[in-house]
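When you read off a place in the sequence shown, starting at 1, and then add 81, the result is the number in our numbering. Beta carbons: idealized from backbone N, C-alpha and C, even for Gly. Read through the structure below, which is laid out as structure tokens, and then see the notes.
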Amino acid sequence: MSALRIPRRTLVLLLAASGTLALLQLSGLAFWQGLAINFAIFIILVQALNMASGFTGVFSLGHIGFMAIGAYTSAILTLPLATKSEYLPNLPGWLAGIHLDVAVGPLPVGFFAATLVAGLVAMVVAGLVGAVLMRLSGHFVAVATLGFLVIVRVVLFNADDITRGSRTFSNVTPYTNLWWAWGWAVIAIYVAWRVKFSGLGRAMFAQKADRWAARSIGISILRPRLIAFVAGAFLSAIAGSLYAHFITSFSPTVFYFDLTFRVITMLVVGGMGSVSGAVIGTALVLALAEALRRIEGATLLYGLGGILLAVFFIAVIIFRPSGIMGQREVDLDRVLGWRPRWRRGRPDAEPSRRG
């Protein structure tokens, strides 16, 4: 049995990426570190929405609700016991005794465990909600998932003993750094890529193109939709956990329409259904938003950035409705030097050229 051989090009790219992150981590440039962490978190969010909506054609407006679930779950689980008893005195007993603020040396394993638990909680909620909502199509499912987002917001505001209600939830330990954020971002990209070019991914795109034709040849409609919805919820909760431990204080107002439509803008600009397009769209919208923020500060025309970002989004919808990439992909296998077997069956794969 031959040992696994990693192509030299892949090793070079991994070393270059790791070196860049290490230099940025050691540089002390807080602004650029924060920008890079934000970029990674939004990549996870956009890939989550891409799987749930871009792959299946089921337009979800509720995935920021799963992000909120992930943020609050992880934040509560990692609060030290002393802080928890003082900060959340009326927390239910079974939850008050749980604390995952533990580390093995420099590695915060408790944070990792809390992040996974947050993802699993979101998956359970998504499974229960999706079993009903994923039977809908068109504008019905969009309205229904928007209703889910509103319900999550109402619950967060009213569960005062657990979430502090409308008050700011602070004292969250700042665990998130470049390594955590980009580690999860790479996982999100890899998972989305493998799903897209798998049998499950082909079923997702088939029912997206024509669900009646897909059903006529034996392709399930509910199963691929539900799997995509639940997987997207898991990644959204992971992003929520990273976000909570990055900004360290937040309230339910953060997880609502503004963030929802920003993530949608990133996905639509890059191309719904394209994994690499989701990354490109995220980078472009974040760069544009940062540039507009600086223009606002220089001109004192506050609100101009939001207006121009909306105009940009409308222009993309009019002149490039399929987004920058459409459903096309950057050929990662060629970039990384891989020739995996699972890619041979890709409908858009070009035959290898040997000189």
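Buried or exposed (CB count within 10 angstroms, at least 16 for buried), Y256: The residue is buried, with at least 16 neighbouring Cβ atoms inside 10 Å.
According to DSSP, residues forming a beta bridge with V185: DSSP, once it has assigned bridges, lists L188 as partnering V185.
Cβ distance (whole Å) where A474 is taken to contact V356 below 8 angstroms: Outside the displayed span of the chain (82 to 436) sits residue 474, for which this structure offers no information.
Simplified DSSP state of F250, which is helix, strand or coil: Correct three-state label for F250: strand.
Assigned secondary structure, F393 (DSSP; H/G/I helix, E/B strand, else coil): Here F393 sits in helix by DSSP.
For F336, the three-state DSSP class (helix, strand or coil): Here F336 sits in coil by DSSP.
Any non-hydrogen atom of the ligand ADP closer than 7 angstroms to G138 Cβ: Annotation note on the ligand ADP: not contained in the displayed structure, which lists no ligands.
Three-way DSSP call (helix, strand, coil) for F238 in this model: In the structure shown, F238 sits in a helix (DSSP, three-state: H, G or I).
DSSP state of F136 mapped onto helix, strand, coil: Residue state, collapsed to three classes: coil.
Proximity below 8 angstroms, CB of L259 to CB of I118: Here L259 is near I118, since their CB atoms are less than 8 angstroms apart.
Where the alpha helix (DSSP H) through S218 begins and ends: From DSSP, S218 is part of no alpha helix (DSSP H); its letter is neither H nor E.
Candidates G146, G404, L197, G211: closest to V305 by CA position: Checking the sequence, you will find Pro at residue 305 rather than Val. Checked all of G146, G404, L197, G211; the closest Cα to P305 is G211.
Exposure of I319, with buried meaning 16 or more beta-carbon neighbours within 10 Å: The residue is buried, with at least 16 neighbouring Cβ atoms inside 10 Å.
Runs of alpha helix (DSSP H) wholly within the segment 277 to 337 (minimum 4 residues, chain order): Contiguous alpha helix (DSSP H) elements confined to the segment 277 to 337 occur at 280 to 290, 292 to 297, 303 to 328, taking only those with 4 or more residues.
Distance, L188 Cα to A364 Cα: In this structure, the straight-line span from the alpha carbon of A364 to that of L188 is close to 29 angstroms.
Spatial distance of T159 from F327 (CA atoms): Approximately 13 angstroms, taken between the alpha carbons.
Selected residue, minimal CA-CA separation from L348, among L107, A129, F112: For L348, the nearest C-alpha among the options comes from A129.
From G208, S134, P173, D241, residue whose alpha carbon lies closest to that of A223: The alpha carbon of A223 has as its nearest neighbour, out of G208, S134, P173, D241, the alpha carbon of S134.
Collapsed DSSP secondary structure at L381 in the structure displayed: Secondary structure at L381: coil, using DSSP grouped into helix, strand and coil.
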